[in-house]
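Everything on this sheet refers to the single structure shown next.
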Amino acid sequence: MTFSFTSEQQAFLDTVRQFAETRVAPRAAELDATGIYPRALVDEAAALGLMGLTVSTEHGGAGRDYVTYAAAIEIVSAASATLAVILTVNNSLVAEAIEQFGTPLQQETWLSRLARGQAIGSFALSEADAGSDAANQQTVARLDDRGYVINGRKVWVANAEVADVAIVFAATEPDARGRGISAFLVPLDARGITRVPSPESLGVRGLGCVDLELTDVRVDAMARLGEPGRGFRVAMRALEGGRVAIAAQALGVGQAALEEALRYSRARHAFGQPIGNFQAIQFQLADIATELSAARMLTWKAADTRDRAPRATLESSMAKLHASEAAHRAADRAMQILASAGYTRGSLVERLFRDVRAAEIYQGTSEVQRMIIAEHILS
Ligand SMILES: Cc1cc2nc3c(=O)[nH]c(=O)nc-3n(C[C@H](O)[C@H](O)[C@H](O)COP(=O)(O)OP(=O)(O)OC[C@H]3O[C@@H](n4cnc5c(N)ncnc54)[C@H](O)[C@@H]3O)c2cc1C
801 MTFSFTSEQQ AFLDTVRQFA ETRVAPRAAE LDATGIYPRA LVDEAAALGL
851 MGLTVSTEHG GAGRDYVTYA AAIEIVSAAS ATLAVILTVN NSLVAEAIEQ
901 FGTPLQQETW LSRLARGQAI GSFALSEADA GSDAANQQTV ARLDDRGYVI
951 NGRKVWVANA EVADVAIVFA ATEPDARGRG ISAFLVPLDA RGITRVPSPE
1001 SLGVRGLGCV DLELTDVRVD AMARLGEPGR GFRVAMRALE GGRVAIAAQA
1051 LGVGQAALEE ALRYSRARHA FGQPIGNFQA IQFQLADIAT ELSAARMLTW
1101 KAADTRDRAP RATLESSMAK LHASEAAHRA ADRAMQILAS AGYTRGSLVE
1151 RLFRDVRAAE IYQGTSEVQR MIIAEHILS
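Everything in the sequence shown is counted per the numbering used here, starting at 801 for the first residue and increasing by one.
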């Protein structure tokens, strides 16, 4: 067991940090204020290999291990949680699923373009009545002699405002729940697709979330990703990686909150001294730093498991659960330390406070993670 990066990993992470600090951080407030999808920034990230970090070099990716990926996502997220989420969707939820389950033709069509950022991917699982209960798919894919016809509505599909392709999950055996769902690679310029803006979100603004309305969308049988009726497995495998990445994304926000709280504790004076001299402030800083450090260990452990073992279900759920809640507490405590300066609209801590909250909701709420963890430890 080792807790240090190789010089090669460190050199890459230094490059990512330089990008995050010089290119991403200066634009993060504007991205939050406008909520406009940061296409130019995504292109810059793609040039560094960040859109296909975990995709093999054979398929045009950077071929990085999951620990390096998690560390890179944390660094980007400390500058902009939004950009970090965009990267995680493309990497973990779309490209990795195609690499793991795609046919050679599907891989040839999509993988290197996704990994290089020449195409953008999205993951369309959630529906109005299929959030935590994701097996309750009301979108239906009917097979005929020319392929599948898909009808339904997907909600909150990140990246999909600009994406070229979505992995769309649909019931192919409508009453069989998780055992009757198939996954499809649907080009988003297909006839019958309408992109409807999702409700405005509190944080992680600029994710390009839209609802996808699918009306008689026709795809040929070759568009199915994985076995018929086994699409739920595709979704769950993708979410395992995605949850490690969201743990890292939450950590980045928590780390940014800690750094801002430390800066302010040194700079702000009350009663004739820096507030960092008061034990009440010191204890909050100590708790934030300790909780984030523990969350980082869980995240790296989950990432390492993802690299080495066939499954990382338990580890990824534990990492996401703990990191998202620890980062939420970090942002909350940072706001208390900055007090009115943190509660000010447009302040860094105010944005972090809004951004961090989503990590306890998307890719499975904290309750869903606890359900998965309990099922594992009880079995
Ligand atoms: C910013 C953002 C981006 C998103 N991006 C995507 C995306 O790209 N693709 C995609 O497919 N989806 C996406 N989503 C959707 C997201 O995955 C869902 O919102 C999430 O899974 C929760 O579903 P829900 O909102 O319908 O909540 P519900 O499932 O309705 O849950 C409501 C509450 O009930 C709790 N609950 C539900 N069932 C149980 C139970 N059995 N036991 C205990 N508690 C329970 C939940 O934990 C929650 O607290 C996104 C959401 C957001 C906010």
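Ideal Cβ placement from N, Cα and C applies to all residues, glycine included.
Candidates the options: closest to residue i by CA position
i     : options                   : result
A884  : G902, E908, D933, A820    : A820
P997  : A934, G835, A828          : G835
G849  : S804, A828, A895, A829    : A895
A928  : K954, G1042, M1097        : K954
V940  : V968, Q918, S932          : V968
D1016 : A990, R1037, G1041, M1036 : A990
A878  : V824, S1001, A1112        : V824
G917  : Q1082, T822, A845, V876   : A845
L1138 : G1008, H1069, I1173       : H1069
W956  : H1122, L925, Q1082, L1148 : L925
Q1049 : V842, V889, A840          : V889
A881  : G1041, A1112, G1006       : G1006
R1108 : Y866, D832, C1009         : Y866
Residue i, DSSP secondary structure in three states
i     : result
Q918  : coil
Y837  : coil
V986  : strand
F969  : strand
A1070 : strand
V1044 : helix
P997  : strand
E1013 : strand
I981  : strand
V855  : coil
V1156 : helix
V1019 : strand
R1129 : helix
Where the alpha helix (DSSP H) containing residue i begins and where it ends
i     : result
G952  : No alpha helix (DSSP H) contains G952, which is instead part of the beta strand (DSSP E) from 947-957.
R1106 : 1079-1108
D975  : From DSSP, D975 is part of no alpha helix (DSSP H); its letter is neither H nor E.
A878  : 866-879
T815  : 807-819
A960  : Premise fails: A960 is in no alpha helix (DSSP H) and is neither H nor E.
I1172 : 1166-1178
I898  : 896-901
For residue i, the residue or residues it bridges with in DSSP
i     : result
Q1136 : Paired residues: none, contrary to the question.
S927  : Correcting the residue identity first, residue 927 is Glu in this sequence and not Ser. Its beta-bridge partners are A930.
A941  : I950
V1004 : Its beta-bridge partners do not exist; DSSP assigns none.
L1025 : A983
Contact belief for residue i with residue j at Cβ below 8 Å, rounded distance in angstroms
i     : j     : result
A1103 : Y869  : 7 Å
G952  : L1014 : 5 Å
A915  : M851  : 6 Å
Any C-beta of chain B under 8 Å from that of residue i
i     : result
G1146 : Considering every chain present, this structure includes no chain B. It has just one protein chain.
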